[in-house]
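First up is the structure itself, then whatever we jot down about it.
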Amino acid sequence: MTTIAHETAPLTRRKRRWEGLPYWLILPTVVYLGLFFVWPMIQSFGLALRDESGWSITAFKTMVNDPAFGEAMGFTFLLIAVVVPLQFFLALGMALLLNAKLRFGGIFLYIFLLPLAISDLAAGIVWSAIFTERGYLNTILEGVGVLDQPHIWLDPTNKTQLVIAVAAAEIWRSTTFMMVILFAGLQGIPRDYGEAAEVFGAGFFRRVRHVILPMLKPSIQVALLLRLIFAFEVFAVVIAITGRGATVLAAEAYRWQATNMNEHVAAAYSVVILGLSLAAAAVVLVVLRTPRERRLR
Amino acid sequence: MALRRLRIGRALAYVAAVVISLWILAPLYFITVAAFSTFDAVYEYPKQLAPQNVSTDTIRVFLDSEGITESLRRSMYVAAIAMVACLLIGTPAGYALARFKFRGANPFQLALVSTRAFPLIIIAVPLAVTYLRFGIDDTIYGVALAHVAFTLPLTVLITASVFAGISYELEEAAMTLGCGRFSAFRRVALPLALPGVAASTIFIFVTSWNEVFAAAILTLTNRTLPAQMLAALDFSPLPYRLAGGFFLMAPALVVIFFIRKYLLTTWGSAAR
């Protein structure tokens, strides 16, 4: 008896030691995110809703009464309305192209992925060089004879033009992000489904519409969700292209923090951005929800 | 008939793929040509579409501008600190998610995924206030700490899926052959996971290198390259901006080449 006890004791002790192991492994991450993610987030509500004397909504009042607030809100929404739908279809097209197993697919893949690692600031700088009066777009358009003289694309008083210019840069930069998620989803769809539809005479667009899109819905949901959340943070690309011609919510948060040194109003802006992101996420989740019984996985 | 339609479809697919490729490459090409031409050529109109006056003048003037070499160095330090810290903190958690069934694993994973729903802006502003109190405002460490907070959740999720892709039986085999738990991890799982972990490291590097908002808010004089570029946008000449833009973009070309495989396999699903 004693020998058996002698043998099992270290074993159970060992087993008990490993039971705690996963918690020790995730502990650093939990602590770090608690300190540098959760706590700051709580703090920003405090900053936005308190001033020196206690609870107050002064910061929100200051924010809303600033004419730049409405302007920033309008431009942010307009930009999202232009960018996200267009880039969704483009991203879907790019993902389908990559999934079509073309020759030189590896090269196309590399090129399509490039924008993923490019910052919105860098994208803004390049596209401002393209749209500026003495820029590349005018050079090309004059070269092929469409224009006789340089056209002014970035007129600060013409908001529509500014939105289009920023949207061009944003679509160029951030479509890849959606494409990656959609492409990963496409790869999870068995090829037989599309082939079966083809046998029954479905053309390409009908296959996309009736076979691929329904099966891709979970990925579409994630892609739209994340893209919308990031779209509310758009910032440097707007400053780089429009200068002071247009402003967005994140740019205002930056301005209040860095230029006006008022962290309360900056925090109020960040709370608004958070609220809008979560609202957008909720809308996507509700609109694109998949009933449980129709889920394939 | 069907075959011909298929062939036309294929041809159209190639045309579309080439057009999209050109659209993505053209701006990158323009900025590269501009960065490697003479200072005067950058100002010229019509713009040179083909490289004619190839020179390193513009790049050199940019690098000699006040604060640029320092900000480049700072950007590298910040990215390096973020990379090391993220791996040290995140890899164990990723391993735990991949290898152990433990209570709280699902909520933990869900929490990591849902961090992405929160805009990073909301963290940056209060951190600026906190840093001021602890005296790490305007330092590269402060920026690096923020960048770790941004990249840690995804690092954990990616490393988890990397480890999940490596059979646990290999580690068990090593343990029956006398390895301890840790040395089985170090000698078997880690070497196999290295390419995937390296890819996620590169992702941390790029995120940190590109990050503008927090870097601009958390520093005043010790700016990283993006923060420096943002602050100088208003008054800097075109060649300066284009050369700066080139330096911001250049890592992308290299980085994507190395991680393109992982972007689509492990990460596409890790993002869900």
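Protein chains in written order, with the numbering used here: chain U, 2 to 298; chain Y, 190 to 461. By construction, the Cβ of each residue, glycine as well, lies at the ideal position given by its N, Cα and C atoms.
Per DSSP, which residues does residue i bridge with? Please list them.
i: W56 of chain U; result: U:R51
i: S226 of chain Y; result: Y:V243
Return the CA-CA distance between residue i and residue j, expressed in angstroms with no decimal places.
i: S271 of chain U; j: V314 of chain Y; result: 8 Å
i: L97 of chain U; j: F205 of chain U; result: 11 Å
i: A170 of chain U; j: F374 of chain Y; result: 45 Å
i: K450 of chain Y; j: I141 of chain U; result: 35 Å
i: A363 of chain Y; j: S220 of chain U; result: 38 Å
i: R469 of chain Y; j: L28 of chain U; result: Any property of residue 469 of chain Y remains undetermined from this structure, which presents chain Y solely from 190 to 461.
i: P216 of chain Y; j: G146 of chain U; result: 21 Å
i: L407 of chain Y; j: L334 of chain Y; result: 11 Å
i: T260 of chain U; j: A421 of chain Y; result: 14 Å
i: G433 of chain Y; j: I119 of chain U; result: 13 Å
i: V235 of chain U; j: T77 of chain U; result: 8 Å
i: G195 of chain U; j: F201 of chain U; result: 10 Å
i: F90 of chain U; j: I108 of chain U; result: 22 Å
i: V181 of chain U; j: I220 of chain Y; result: 25 Å
i: L359 of chain Y; j: S389 of chain Y; result: 23 Å
i: S425 of chain Y; j: W257 of chain U; result: 22 Å
i: S356 of chain Y; j: I172 of chain U; result: 40 Å
i: S260 of chain Y; j: R207 of chain U; result: 53 Å
i: G246 of chain U; j: V85 of chain U; result: 22 Å
i: M74 of chain U; j: E134 of chain U; result: 28 Å
i: D423 of chain Y; j: V401 of chain Y; result: 16 Å
i: L138 of chain U; j: L316 of chain Y; result: 41 Å
i: F61 of chain U; j: S54 of chain U; result: 15 Å
i: V246 of chain Y; j: Q162 of chain U; result: The question names Val, but residue 246 of chain Y in the sequence shown is Asp. Their Cα atoms are separated by approximately 34 Å.
i: I58 of chain U; j: Q298 of chain Y; result: 35 Å
i: L381 of chain Y; j: I391 of chain Y; result: 17 Å
i: I213 of chain Y; j: P415 of chain Y; result: 22 Å
Pick helix, strand or coil for residue i, following the three-state DSSP scheme.
i: V314 of chain Y; result: helix
i: C368 of chain Y; result: coil
i: I355 of chain Y; result: coil
i: D193 of chain U; result: helix
i: T140 of chain U; result: helix
i: I126 of chain U; result: helix
i: R412 of chain Y; result: coil
i: L41 of chain U; result: In the sequence on display, residue 41 of chain U carries Pro and not Leu. Reduced to three states, the DSSP call for P41 of chain U is helix.
i: W257 of chain U; result: helix
i: W25 of chain U; result: helix
i: I108 of chain U; result: helix
i: D149 of chain U; result: coil
i: S254 of chain Y; result: coil
i: R196 of chain Y; result: helix
i: A247 of chain U; result: coil
i: A203 of chain U; result: coil
i: S120 of chain U; result: coil
i: T133 of chain U; result: coil
i: G324 of chain Y; result: coil
i: W212 of chain Y; result: helix
i: P342 of chain Y; result: helix
i: E360 of chain Y; result: helix
i: K62 of chain U; result: helix
i: F113 of chain U; result: helix
i: E233 of chain Y; result: coil
Can you tell me where the alpha helix (DSSP H) holding residue i begins and where it ends?
i: T304 of chain Y; result: Counting along the chain, T304 of chain Y falls outside any alpha helix (DSSP H), and DSSP gives it neither H nor E.
i: T396 of chain Y; result: L379 to N399
i: A282 of chain Y; result: I257 to R288
i: I445 of chain Y; result: L427 to Y451
i: Q188 of chain U; result: K160 to Q188
i: P86 of chain U; result: P68 to N100
i: G293 of chain Y; result: No alpha helix (DSSP H) holds G293 of chain Y; DSSP gives it neither H nor E.
i: R228 of chain U; result: L214 to A232
i: E264 of chain U; result: E264 to V288
i: L407 of chain Y; result: F402 to L407
i: I242 of chain U; result: A237 to T243
In chain B, what lies closer than 7 Å to residue i by C-beta?
i: A405 of chain Y; result: Note that chain B does not occur in the displayed structure, where the protein chains are U and Y.
Just checking residue i against the ligand NAD - is the residue's beta carbon closer than 7 Å to any of the ligand's heavy atoms?
i: M418 of chain Y; result: For the structure depicted, the ligand NAD is absent and the ligand set is empty, with no information on it obtainable.
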